[in-house]
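Enquirer: Residue numbering for the sequence shown is -5 to 262, as defined by this note's numbering.
Each residue gets a CB set at the ideal place from its N, CA and C atoms; glycine is no exception.
Given the structure is predicted, the values throughout are model-derived calculations rather than measurements.
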Amino acid sequence: MKKIFVWMILVVALSACGAPANSTPDSAPANSTPDSAPANSTPDSAPIKPTPTEPFSGVINEFESTQTPIANPTPEGDSNECDNPFYPVADEATWFFSISTGENAIHTMSVDDFGKFTITVKGANSTFTIDGQCNSEGVTIMNVPGAQTTYSGEYGSSAVTTVSVSGVSLPNNIAPGQQWTQTITVTTESGTSIIETNYTAVGFENVTVPAGEFYALKIEQDGYVTVFGQKVAMHGFNWYAEGVGPVKGAMDGAPVLELMMYDIPDKK
């Protein structure tokens, strides 16, 4: 159970960069199978190579995630507040990422009229969703009390339900040297756990990824997850380019993600 929960929290920590749910350093890259293929079909040996004009394929739903918000939630934001320069929030926005394991992942976004959005991440062997919210302070991931993410796969099954959130994942008015903290309280079948993250905007630097060269803001992420009374450390870096969003992510003990291509529609 502990291994499952820590694994799921790494997914949340990397969600801004579209990490596939089961891409862990000690697992071999999984070959892909087209969505329409039968369960016993032979997968292609070549890695997935999505293009802007071709639909992403190769998802095997070994991991299924659902979001179950509280009944009739009151809207907390406004779509006009989704103006974070380093985290575009636009309906049908799409980011493709390459992963150091040899796999690829597609990250898509759907947005409602109240500043709430849902991130859907699909990899060669997994798919999951997670909610976010825009407000006057910034962008918050995993924000909705009552939202539930469930896991089933090689490690068994588990569920994480958000109880409360304080702080934001990425402030709107961010500048080098700025520091902030986010705390998320969640429950599992075994009790309550806390995810506490300290962020530091390190500064701007040039970052080269498959999608090109970006002048990106480097953000350090340092914190811990309390699991069954024990603290599990988390540390890493994410790079965000203005008008683009996340272009690279590198969490300790997790695969490195790099942006391959992206499509961000104009806001309606």
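#1: Report back the beta-carbon spacing between Val196 and Lys212 to the nearest angstrom; my notes put them in contact at under 8 Å.
#2: Pop quiz: Thr268 and Gln215 are said to be a contact at Cβ under 8 Å. What is the actual Cβ separation, rounded to whole angstroms?
#3: Please name the residue in Ala235, Thr88 and Ile93 whose C-alpha comes closest to that of Phe198.
#4: Can you tell me whether Pro240 is buried or exposed, with buried defined as 16 or more other CB within 10 angstroms of its CB?
#5: Measure the Cβ-Cβ separation of Ser92 and Met254 and say whether it is below 7 Å.
#6: For Glu56 and Thr202, what's the separation of their Cα atoms in angstroms?
#7: I'd like to check one pair, Asn166 with Gly126: are the Cβ atoms closer than 7 Å?
#8: Could you pull out every residue in the same chain whose Cβ sits closer than 6 Å to the Cβ of Thr102, ignoring the five residues on either side in sequence?
#9: In three-state terms, what does DSSP make of Ser39?
#10: Just to confirm, is the Cβ distance from Phe111 to Val83 under 7 Å?
#11: Return helix, strand or coil for Glu75, following the three-state DSSP convention.
#12: Just confirm the distance between the C-beta atoms of Gly109 and Asn129, as a whole number of angstroms; I'd bet it's less than 8 Å.
#13: Which residue from Ile124, Ala205 and Ala210 puts its Cα closest to that of Asp257?
#14: Span of the beta strand (DSSP E) holding Thr175?
#15: Could you tell me the alpha carbon to alpha carbon distance between Thr156 and Ile189, rounded to whole angstroms?
#16: According to the neighbour-count rule (16 or more other Cβ atoms, all chains shown, within 10 Å of its Cβ), is Ala169 buried or exposed?
#17: Hey, how far is the Cα of Gly147 from the Cα of Phe80?
#18: List the DSSP bridge partners of Pro165.
#19: Count the other CB atoms, across all protein chains shown, that sit within 10 Å of the CB of Phe222; report buried if there are 16 or more and exposed otherwise.
#20: Going by C-alpha to C-alpha distance, which of Val162, Gln173, Ser158 and Trp174 sits closest to Val180?
#21: Which one or two residues does DSSP pair with Tyr234 in a beta bridge?
#22: By alpha-carbon positions, which one of Glu207, Gly185, Asn119 and Gly96 ends up nearest to Lys242?
#23: Closest to Ile100 by CA distance: which of Phe231, Thr123 and Thr175 is it?
#24: By the 10 Å Cβ neighbour count, where 16 or more other Cβ atoms means buried, how is Glu86 classified, buried or exposed?
#25: Count the other CB atoms within 10 Å of the CB of Thr47; is the residue buried (16 or more) or exposed (fewer)?
Expert: So, from the listed chains and residues:
#1: Their Cβ separation, rounded to whole angstroms, is 4 Å, which keeps Val196 and Lys212 in contact under 8 Å.
#2: What is shown of the chain runs -5 to 262, which leaves residue 268 out entirely.
#3: Ala235
#4: buried
#5: yes
#6: With a pLDDT of only 33 at Glu56, under the threshold of 50, the placement of this residue in the model should not be trusted, and no figure is reported.
#7: no
#8: Thr88 and Thr114
#9: Bear in mind that the predicted position of Ser39 carries a pLDDT of just 38, short of 50, making it unreliable; the figure below should be weighed with that in mind. Ser39: coil per DSSP, three-state reduction.
#10: yes
#11: helix
#12: 6 Å
#13: Ala205
#14: Gln173 to Thr182
#15: 10 Å
#16: exposed
#17: Below a pLDDT of 50, predicted positions are generally treated as unreliable, and Gly147, at 47, falls in that range; the measurement from the model is reported next regardless. Those two C-alpha atoms are separated by around 34 Å.
#18: Gly132
#19: Burial call: exposed.
#20: Ser158
#21: Its beta-bridge partners are Leu211 and Pro240.
#22: Glu207
#23: Thr123
#24: exposed
#25: Legend: pLDDT at Thr47 = 35, less than 50; position of this residue unreliable, value from coordinates given subsequently. When all chains shown are included, Thr47 counts as exposed.
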